[in-house]
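Chemist:
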Amino acid sequence: MSKLTKIPFEKLQVLKQMYGADRTLNSTTVNAITNILNRIKKTPELEKRVEFLSLDDNWSRNGTILIKNESRVYFNTLERTPYQSIRSTLDALDVEDEITFVCISDKFRTILHDFLWYNNLERIFEEGTSGYWMSNNDTKSLKIESLPENYIIKPLNSNHVDEINNESPRDGGDHLNYVKNSIEHKMSVGIFDKHTNELIAWCFQMDYCSIGMGVVKSSKKRTGLGSYAVKTLLKRMANDNDMDITWHVIHGHKISHKFCHSIGGEIFDTFTWLSAKRKVIKGASRFGLYQLIY
């Protein structure tokens with residue numbers, strides 16, 4: 006049986022060029038490779054934790070890739086439907102008691118749900134997003150209004166981890182550790198009350214898209230601080246990396262979608278974010294054989 010093998014880091018630029026042929030549709034994968042390689046340059050020990058995996062040499066034939074960071078998994082392929090290479094790649098994936106799929110294109114939803122079924126996994130969290138894209142040049146030229154005088158802007162630090170995790174909890178995966186790693190190793194923006202130093206709004210970089218969603222404390226919503234944080238980080242990302250910028254908005258958040266369109270963002274795909282864990286089998290048949298009911 007074929008096994009997943011690591012793609013040598015020196016080959017990832019070739020893979021990035023393959024996906025770069027359609028820089029809009031495939032921007033998530035291009036950005037993931039760019040972001041992770043940049044982080045590894047700054048923090049070499051991350052190379053031991055983040056794995057770029059392929060079944061045999063499928064990555065060189067059709068771009069099929071699986072990126073694994075502990076229990077968090079991302080995958081994509083340049084292969085056309087029915088995406089057999091993706092199915093075979095997932096079949097070879099060793100599943101722990103819990104797994105989190107991040108930023109998976111909705112064209113793979115059926116494959117993703119089949120994977121859960123075959124591996125006796127149940128969903129504990131699932132969310133859908135629209136992916137927005139903006140060219141590097143357009144992002145650099147974004148106009149940002151002046152920050153109100155009562156606020157200051159500065160990067161987040163480890164002291165803000167618990168507060169941010171409590172404001173935006175997620176089921177599945179070690180979300181606290183994810184927030185901690187994101188703040189410690191990635192670009193971030195925080196808006197603070199100048200007088201009390203209270204954290205009001207924030208946004209930080211993600212691996213599988215350029216930035217995460219801007220978050221504003223409930224008491225300060227509709228003040229424009231969230232959009233300020235997002236635009237500031239967008240511009241910093243564009244200036245720091247020679248790549249187009251992408252970000253995600255949860256389905257149904259009308260105000261956020263309106264904001265994204267107002268600054269020139271274009272929806273290029275829709276995505277699923279999903280955590281699952283092993284099902285607990287609560288009974289047995291009279292013959293002692295467990296019955297799995299889906």
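Numbering (this note's numbering), first residue to last: 6 to 299.
Just so it is clear, CB atoms sit at the ideal spot from N, CA and C, and this is done for glycine as well.
All of these numbers come straight from a predicted model, not from anything done at the bench.
So, for Lys-16: in the same chain, excluding its five sequence neighbours on each side, which residues have a beta-carbon less than 6 Å away from its beta-carbon?
Modeler: So the list is empty, once near-sequence residues are dropped.
Chemist: Does at least one heavy atom of the ligand ZN sit under 7 Å from the Cβ of Tyr-233?
Modeler: The ligand ZN is absent from the structure shown, which contains no ligand whatsoever.
Chemist: Tyr-88: which of Thr-277, Phe-264, Leu-117 and Lys-148 sits nearest, CA to CA?
Modeler: Ranking the options by Cα distance to Tyr-88, first place goes to Leu-117.
Chemist: Kindly confirm or deny that the segment 147–163 and the segment 194–204 touch, where touching means at least three C-beta pairs closer than 8 Å.
Modeler: Cβ pair count under 8 Å is three or more, so yes.
Chemist: For His-256, which residues of its own chain have a beta-carbon under 7 Å away from its beta-carbon, when the five flanking residues on both sides are left out?
Modeler: The answer, listed in chain order, is Gly-133, Thr-134 and Ser-135.
Chemist: For Val-221, collect the residues of the same chain with a Cβ closer than 6 Å to its Cβ; drop the 5 residues on either side in sequence, then sort them by chain order.
Modeler: If we look at Val-221 and ignore the five residues flanking it on each side, its Cβ neighbours are Ala-206, Leu-230 and Gly-231.
Chemist: Where Ser-32 and Ala-234 are concerned, what is the direct C-alpha to C-alpha distance, given to the nearest angstrom?
Modeler: Their backbone Cα atoms lie some 22 Å apart in a straight line.
Chemist: Would you be able to state if there are at least three C-beta pairs under 8 Å between the segment 91–98 and the segment 59–73?
Modeler: Because the criterion of three Cβ pairs below 8 Å is met, the segment 59–73 and the segment 91–98 touch.
Chemist: Tell me the rounded alpha-carbon separation between Ile-271 and Ile-216.
Modeler: Checking the sequence, you will find Glu at residue 271 rather than Ile. In a straight line, the C-alpha of Glu-271 is about 15 Å away from that of Ile-216.
Chemist: Among Leu-239, Val-35 and Ala-281, which has the Cα closest to the Cα of Lys-148?
Modeler: Out of Leu-239, Val-35 and Ala-281, Leu-239 has the C-alpha closest to the C-alpha of Lys-148.
Chemist: Taking Thr-144 as the reference, give the member of Phe-130, Ser-267, Lys-8 and Gly-25 with the closest Cα.
Modeler: Checked all of Phe-130, Ser-267, Lys-8 and Gly-25; the closest Cα to Thr-144 is Ser-267.
Chemist: For Asp-212 and Ile-41, which I take to be in contact (beta-carbon distance under 8 Å), what is that distance rounded to the nearest angstrom?
Modeler: Confirmed, about 6 Å.
Chemist: Can you list, in chain order, the residues of its chain with a C-beta nearer than 8 Å to that of Lys-225? Leave out the 5 residues immediately preceding and following it.
Modeler: For Lys-225, where only same-chain residues beyond five positions count, the Cβ hits under 8 Å are Ile-205 and Ala-206.
Chemist: Taking all protein chains shown into account, decide if Ala-281 is buried (16 or more other Cβ within 10 angstroms of its Cβ) or exposed.
Modeler: Buried, because 16 or more other Cβ atoms sit within 10 Å of the Cβ of Ala-281.
Chemist: Suppose you measure from the CA of Val-285 to the CA of Asp-245; what does that come to, to the nearest Å?
Modeler: Going from the Cα of Val-285 to the Cα of Asp-245 covers about 46 Å.
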